[in-house]
Structures are given as structure tokens and as C-alpha cells.
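Novice: In the numbering used here, the protein residues as written are 53 to 672.
Ideal placement from N, C-alpha and C gives every residue a C-beta, glycine not left out.
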Amino acid sequence: MTNKSYVLIALCLCAQIQIIAQTVSEESLEEPLDEVVITDSRFNLKRENSGKTVIKISKEEIENNQGRTISELINTKSGIEINGSRSNAGQNLGVYVRGGRNRQVLVLLDGVQVSDPSELSGGYDFRLLNLSQIESIEIIKGAASTLYGSGAAAAVINITTKSANSKKMSAAFSSSVGTNQSASDQNYNVADFSNSVAFSGTLNKFTYRTAFNNQFSDGLSAVISDANEKDAYSKYGLDTNFGYTFNPAFSINVYGNYTDSKSNIDGYDASFNLADTSDEFNSKQSRIGASSTFKYPKGSLNLNAAFSEYDRVFVSSFPSNFKSKNLVFDLYNKYVFDTTFYTIIGINRIENNATFTNNVTFNILDPYANFVYVSDFGLTMNAGARLNNHSEYGSHFVYNLNPSFSIKSTTNGYTKIFGSYSTSFIAPTLSFLYGDFGANLNLDPEENTTIEAGVELKLTTDFRVSGLFFNREEKNTVLWIDGGYLNASDLLHAKGVELEVEATLFKKLSVQANYTFVEYKEAFARRIPKHKANLQLSYNMSKATFASLSYQYTHQRFENSFVPLLDRFSLFNLYVSHTALNNTVTFFGGIDNILNEDYEDVPSYTTKGRNVRLGLKITL
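1. What do you get for Ala233, buried or exposed, if any count of 16 or more other CB atoms within 10 angstroms of its CB means buried?
2. Please check the pair Asp653 and Asn135, which I expect to be a contact at CB under 8 Å, by giving their CB distance rounded to whole angstroms.
3. Ile211: buried (16+ other C-beta within 10 angstroms of its C-beta) or exposed?
4. Excluding the 5 residues flanking Thr671 on each side, which residues of the same chain have their C-beta closer than 6 Å to its C-beta?
5. DSSP beta-bridge partners for Gly351?
6. Using 8 Å for Cβ pairs, my map puts Gly661 next to Ala235. What's the rounded Cβ distance?
7. Between the alpha carbons of Asp644 and Arg620, how many angstroms are there, rounded?
8. Among Lys573, Asn217 and Ala632, which residue has its Cα nearest to the Cα of Asn256?
9. Taking 7 Å as the limit between beta carbons, can you name the residues of its chain near Ile469, skipping five residues before and five after?
10. Would you check if there are 3 or more beta carbon pairs closer than 8 Å linking the stretch 510-523 to the stretch 236-247?
11. With DSSP run on the structure shown, which of helix, strand or coil describes Lys214?
12. Pop quiz: Ser286 and Gly119 are said to be a contact at Cβ under 8 Å. What is the actual Cβ separation, rounded to whole angstroms?
13. Go to Phe522, then tell me how far its beta strand (DSSP E) extends in each direction, as first and last residue.
14. Could you check if Gly535 is buried or exposed, using at least 16 other CB atoms within 10 Å of its CB as the buried criterion?
15. Report yes if the CB atom of Gly674 is closer than 8 Å to the CB atom of Ile478, and no otherwise.
16. Tell whether a beta-carbon distance below 8 Å holds between Ser170 and Lys336.
17. Between which two residues does the alpha helix (DSSP H) holding Phe484 run?
18. Is Leu180 helix, strand or coil by DSSP?
19. Measure from the C-beta of Asp162 to each C-beta in chain B and report whether the shortest distance is under 8 Å.
20. Under a Cβ-count criterion, where at least 16 other Cβ atoms within 10 Å of its own Cβ denotes burial, should Thr231 be classed as buried or exposed?
21. Would you call Ala67 buried or exposed, if buried means 16 or more other Cβ atoms sit within 10 Å of its Cβ?
22. Ser77: buried (16+ other C-beta within 10 angstroms of its C-beta) or exposed?
23. Since Ile122 is in the alpha helix (DSSP H), which residue starts that stretch and which ends it?
24. Pair every Cβ in the stretch 189-196 with every Cβ in the stretch 172-181, then say whether three or more of these pairs are closer than 8 Å.
25. Which of the three DSSP states is assigned to Ile670 in this structure?
26. Which first and last residues belong to the beta strand (DSSP E) in which Leu626 is found?
27. Go to Ile478, then tell me how far its beta strand (DSSP E) extends in each direction, as first and last residue.
28. Tell me where the beta strand (DSSP E) around Thr409 begins and ends.
29. Let's see if you can read the secondary structure: which residues bound the alpha helix (DSSP H) around Leu172?
30. Can you have a look at Asn612 and say buried or exposed, based on whether 16 or more other CB atoms are within 10 angstroms of its CB?
31. In this structure, does DSSP put Ser376 in helix, strand or coil?
32. From this set, Ser273, Val664, Asp542 and Leu417, which residue's C-alpha is nearest Leu626's C-alpha?
33. Specify the secondary structure class of Leu199 as computed by DSSP and reduced to three states.
34. Beta-carbon within less than 6 Å of Lys129's beta-carbon, same chain only, minus the 5 sequence neighbours each way: which residues are those?
35. When you compare only the Cα positions, how much space is there between Asp168 and Lys377?
36. Beta-carbon within less than 6 Å of Gly152's beta-carbon, same chain only, minus the 5 sequence neighbours each way: which residues are those?
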């Protein structure tokens with residue numbers, strides 16, 4: 053049976069469920085209307101009842117960052133460092149959370165895991181997404197393997213795309229142009245272009261949304277060199293989503309997307325020295341999927357299924373071609389016994405296939421359960437377990453225990469104390485096991501234990517502050533050692549502190565600030581700053597005009613024992629937007645790296661200096 057067949061089966065199952073729905077009460081699950089978080093439990097729980105400091109990037113915040121990339125926006129949040137987000141557009145991105153690397157940070161797109169099985173870390177490329185098509189983002193840090201499986205050891209990033217407009221027909225157009233220059237080459241030529249168009253609407257029980265986006269960027273060399281040869285990046289993507297609500301109890305969505313990108317990159321010459329070369333990296337990704345929800349009086353049955361294909365080609369003196377397929381099938385039942393007890397029972401199926409010298413596959417089949425207890429006296433308990441069944445590594449049991457206790461201080465305020473103890477299992481990627489460079493079939497899976505404790509204080513709707521301590525212990529960390537992948541003999545001990553503040557100082561002035569401290573052995577600390585801080589001041593000049601000034605400090609970073617520490621750096625960014633013509637037209641602009649700081653994000657690779665961007669968005 054092919055992977056595409058699984059998706060077809062999912063669609064058939066959804067159709068069968070619709071028949072059942074006709075005989076079931078149309079009563080739907082009642083969920084709280086207050087500020088809610090979803091990702092840490094899959095239920096819409098009040099923030100005060102969540103045992104995590106969930107980072108929420110709202111629709112409003114996304115609208116106030118138009119023209120930027122997803123990685124640039126996520127990189128401003130506590131505990132997160134995305135290397136390459138400040139570099140040439142074709143630069144690979146390294147996602148680090150609490151010392152965890154790409155393969156330990158799970159990315160969900162509309163609740164479904166996304167990953168490239170042939171990619172070295174098995175991670176997801178944020179460059180495939182356009183910020184203009186995103187509705188919101190939730191980030192939970194710490195182990196979340198109980199709900200989301202292998203790979204959710206350091207964080208889960210849940211990205212929700214925009215839904216269809218409630219009108220019969222609507223359209224949105226966005227376009228921006230800007231410079232793309234280094235700190236040493238301030239020519240102010242227009243060299244970066246981004247465009248998107250989306251059509252959506254609701255016709256009775258039918259919803260639709262189709263979006264197209266493209267990007268072209270030039271002007272920066274990938275590597276630092278005297279020649280400063282320009283390395284262009286181009287991308288276009290197509291997204292479609294169709295939904296149908298059969299009745300209040302049952303709905304289904306089918307979707308698909310395609311992305312094609314081309315990067316002029318720099319690589320290694322005949323002497324194996326990093327240099328200005330004429331190398332290329334071409335990538336194509338396609339994805340189809342289906343999701344459905346069947347509601348019954350005290351719960352809902354949910355199905356998510358998606359099939360993805362990736363084709364990556366490196367054109368260089370050392371050419372290579374990687375093809376991979378990924379199937380995700382997640383079926384789970386949510387049930388509410390009463391207003392205090394919530395349960396999830398599900399089963400998760402993942403099949404990863406990649407072509408290196410040979411075609412290789414591994415499968416995962418995981419049953420899991422999670423329970424949430426919300427008392428009427430402030431205690432919340434979130435606990436769960438999962439049995440990982442891996443075709444190469446057998447069965448591994450993981451679990452989490454996440455209690456919290458909140459005390460109401462005012463109508464909208466509370467003090468919350470929370471903690472967690474979580475375990476996780478991370479299987480080596482197909483590239484680590486079977487890839488063309490340094491593969492090792494004898495690798496053991498990584499195993500993590502994470503402990504965290506913290507306090508969150510919300511005085512009013514205008515003020516929230518939180519702080520937490522975390523300690524993550526990992527054994528069998530996979531490292532590149534002497535030309536191949538090996539398990540580290542030492543335990544990784546990563547510990548640190550995260551602080552966050554959100555406040556409205558005056559009616560029109562608000563502030564967001566965060567600080568992260570991470571400490572662990574140098575051998576595991578590659579490109580991760582010990583100290584990182586972000587500050588943003590936002591000012592609503594009027595109902596139509598918004599401005600923000602942001603600051604980011606990144607401390608020294610360790611690369612390896614042969615390279616000096618990467619210097620600390622500070623960046624200031626300015627953003628302004630104005631809405632006119634009855635909120636149908638928005639003009640926006642920004643200046644990044646106002647002081648033209650010269651720094652390195654990735655050793656020997658170019659970073660962006662002062663750059664200017666102007667744009668326009670039209671909504672009809």
C-alpha cells in the first residue's frame with residue numbers, strides 16, 4: 053500500500069463518520085472563552101490553568117511584522133535562537149531551543165507534524181512558509197513527547213495557517229520591496245521582493261482558500277569574501293484549502309501545497325576551502341492532507357493525515373540528490389467528563405522514507421493518552437504517557453507530569469506556580485543512519501529528561517510577568533566526531549532561566565521583553581548564546597497608525613575548538629504601519645539593524661547590515 057493510499061483511506065473514513073454524525077446529537081463541546089492556550093494539552097484551556105508559559109504569537113502581532121520572515125519573528129522569543137535568520141536568504145536555518153537542536157524541536161503545521169526525512173536533522177525548513185499566510189503561532193518549550201511523539205524533546209512550534217473568510221468572496225494582496233545588503237556594502241539597491249495573493253470565502257457549508265506567494269532576494273554573498281559575489285534566492289509557493297461542514301457535529305478539510313525554491317550558494321573549492329563558488333541548491337516540496345472533526349455530546353473524534361514529498365538537489369563539485377517521503381496519520385479522541393476532567397486517547401502513525409545510496413524507511417506507531425484535571429480551587433494536573441514503537445529501535449515508554457496551582461488575585465489577575473517532569477525519546481534520523489556522509493547504523497536513540505519550575509503573575513489584562521528554571525539531561529547525544537556520527541559518551545546537562553514581561557504602560561504604549569540564560573558544556577554549545585535578550589516597545593499613534601522599536605542582544609557563541617568565540621552583537625529594528633480607506637489598505641515599512649552592526653551569525657557567512665523595506669497590503 054502506497055503512502056498516498058493512507059490519505060485516501062483517511063478521506064473515506066471521514067465520509068463514513070459523516071453518516072454516523074447524522075444520528076448523534078448536535079451538541080458541541082463547550083470550551084472557555086477567556087484567553088486560551090491549546091498546544092500543551094490540545095484543549096482550549098484558560099492560560100491560568102496551563103502548566104506552561106506558552107508563547108503565543110497572535111494574529112495582531114503577525115500583522116505588525118509584515119515583510120519579515122517566520123524565522124525572524126520566532127527568533128525574538130525567549131529560549132529560542134535561529135541561526136541563519138539574519139543571513140543570506142538561502143542560508144540553512146539552525147533552530148536551537150534550550151540547547152536542543154533542529155531534530156529535537158518539533159514543528160506542527162495546522163496540528164500535523166512536518167519534517168523532511170532526508171534532511172540531516174530531519175527538521176522542517178521555515179523558508180517554505182510565508183508569514184502573510186499565517187494566522188497564529190504557539191510555542192511550548194520543554195519535552196512534549198507524550199502528545200507529539202519523537203522529536204518533541206526541547207520544544208513544539210505549532211503554526212496555524214489562515215482560515216477562510218466568512219464572506220462569500222474576499223481577496224488579500226501583499227507586496228514589499230527592500231534592500232539586501234551587508235554592513236560593509238551599503239549600496240541601498242532594491243534587491244529583495246516579496247508578493248502574495250490570497251482568495252477565500254464561505255459559500256453556505258463550503259469554505260475555500262487559495263494563496264500564491266513568491267520571493268526573490270539578491271545582493272548578498274553567502275560567504276564572506278572580498279569579491280562579495282551575489283547569491284540569489286527565489287521561491288514560489290501555492291496553498292489550497294477546502295472545507296465542508298456537513299452539520300454542526302461533523303466537518304472536514306482537505307488541503308495541499310507546493311513550494312519550489314532555488315538558492316545560489318557557496319561551498320568548497322577543490323582544496324576543500326570555503327569560497328565563492330557557483331553552487332546551487334534546488335528544493336521542491338509538495339504536500340496533501342485531510343483533517344476532520346466529529347463532535348458528540350461530551351467530546352470529539354479528530355483525524356489528521358498528511359503525505360509529503362521532498363526533492364533536494366545540490367549542484368556543485370560534490371553533487372548530490374536527496375528524495376524523501378513522509379506520512380503522518382494521527383487519530384485521537386477528546387473527552388470531557390465534566391468541567392474538571394479532560395482526556396485524550398490517540399494513536400499516531402509516521403512513515404519516513406528517504407533515498408541516499410539506497411532507499412530506506414522506518415516506521416513509528418505510537419498509542420498515547422493524556423489527562424487534564426482542573427479543580428475549582430486552583431490546582432491543575434496535566435499528565436500523560438506514550439509508547440513509542442519504532443521499527444529500528446523497538447518500544448520506548450515516555451511520560452509527563454505537569455502540575456500547576458493558581459490563585460485568583462483580581463477578576464482578570466492571578467498568580468500561578470507550575471512545574472513539570474517529562475521524558476522524551478529521539479530516534480536518529482535516516483541521514484544519521486544511512487546517509488552518504490558519516491552514517492552509523494550502530495547509533496543509539498537520544499533520551500531526555502526535563503525538569504522545570506516557574507511562576508507566572510498576571511495583575512491585569514495589561515500586565516503579565518513569568519520566570520522559570522529548567523534542567524534538561526540527555527544521554528546518547530548524536531555528534532559529528534572524527535568524520536562520522538557517534539553517540540556522546542558524556543551526559544548533556546543543559547540548564548537555564550527564562551524571564552518574560554508583557555505590559556501596557558500607558559493606553560497607547562506597550563512593552564514585550566524577555567531574557568534567556570542557558571548553560572552547558574562547550575562540546576554541546578555550538579552556536580548557542582549563554583545570554584540573549586529581546587525588548588520591543590510598541591506605540592499606537594492612532595487607531596490607524598502603529599510603530600515599534602525592537603532591540604536584540606546576543607551573547608558570545610561557541611563554534612568549535614578551532615574557531616574563536618563569535619562576538620556578541622546588538623540589533624535595533626524599527627517598524628511603522630498605517631491603515632487607510634476603511635481598513636482596506638495598509639502601508640508598512642521598516643529599518644532593520646539601524647546602527648549597521650557588523651557581526652557573524654554563522655562563522656564565515658555573511659549577515660545583513662542596515663536594510664530598508666517598504667510594503668503595501670490590500671484587503672477586499
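Specialist: With the structure as the only source:
1. The residue you asked about is not Ala; residue 233 is Gln in the sequence shown. Burial call: buried.
2. About 6 Å separates the two Cβ atoms, so the contact holds.
3. Buried is the call here.
4. These residues qualify, in order along the chain: Ala224 and Thr636.
5. Note: Gly351 sits in a beta bridge opposite Tyr348 and Tyr387.
6. That belief holds up - the Cβ atoms of Gly661 and Ala235 are roughly 3 Å apart, short of 8 Å.
7. Roughly 17 Å between the two C-alpha positions.
8. Comparing Cα positions, the closest option is Asn217.
9. Correct list, in chain order: Ser456, Phe457 and Val507.
10. Contact between the stretch 510-523 and the stretch 236-247 is absent: fewer than three C-beta pairs spanning the two stretches fall below 8 Å.
11. Collapsing the DSSP output to three states places Lys214 in coil.
12. No, Ser286 and Gly119 are not in contact; Cβ-Cβ is about 17 Å, not under 8 Å.
13. Phe522 -> beta strand (DSSP E) spans Phe515 to Lys527.
14. Per the 10 Å Cβ criterion, exposed.
15. This structure gives no information on residue 674, because the portion of the chain shown stretches from 53 to 672.
16. Ser170 places its beta carbon 8 Å or farther from that of Lys336.
17. Counting along the chain, the alpha helix (DSSP H) containing Phe484 begins and ends at Leu482 to Tyr486.
18. Leu180: helix per DSSP, three-state reduction.
19. Judged by its chain identifiers, the structure shown contains no chain B, having just a single protein chain.
20. Using a 10 angstroms sphere on the CB of Thr231, the tally of other CB atoms reaches 16 or more, which defines it as buried.
21. Note that Ala67 has pLDDT 41, beneath the 50 cutoff, so the model's placement of it is unreliable and no number is given.
22. Confidence at Ser77 is low in this model, with a pLDDT of 36, below 50, so the placement of that residue is unreliable and no value is reported for it.
23. Per DSSP, the continuous alpha helix (DSSP H) segment holding Ile122 begins and ends at Ile122 to Ile126.
24. The stretch 189-196 vs the stretch 172-181: no contact.
25. In this structure, Ile670 counts as strand in the three-state DSSP scheme.
26. If you look at Leu626, you'll find it in the beta strand (DSSP E) that goes Phe621 to Ala632.
27. Per DSSP, Ile478 is one residue of the beta strand (DSSP E) stretching across Tyr466 to Ile478.
28. That residue, Thr409, is in no beta strand (DSSP E); it is neither H nor E in DSSP.
29. Taken as a continuous stretch (DSSP letters only), Leu172 belongs to no alpha helix (DSSP H), as it is neither H nor E.
30. Its Cβ having fewer than 16 others within 10 Å, Asn612 is exposed.
31. In the three-state reduction of the DSSP assignment, Ser376 falls in the strand class.
32. Ranking the options by Cα distance to Leu626, first place goes to Val664.
33. Helix.
34. Result list for Lys129: Ile107, in chain order.
35. For Asp168 and Lys377, the gap between their C-alpha atoms comes out near 8 Å.
36. Contacts found: Ala205 and Ala206.
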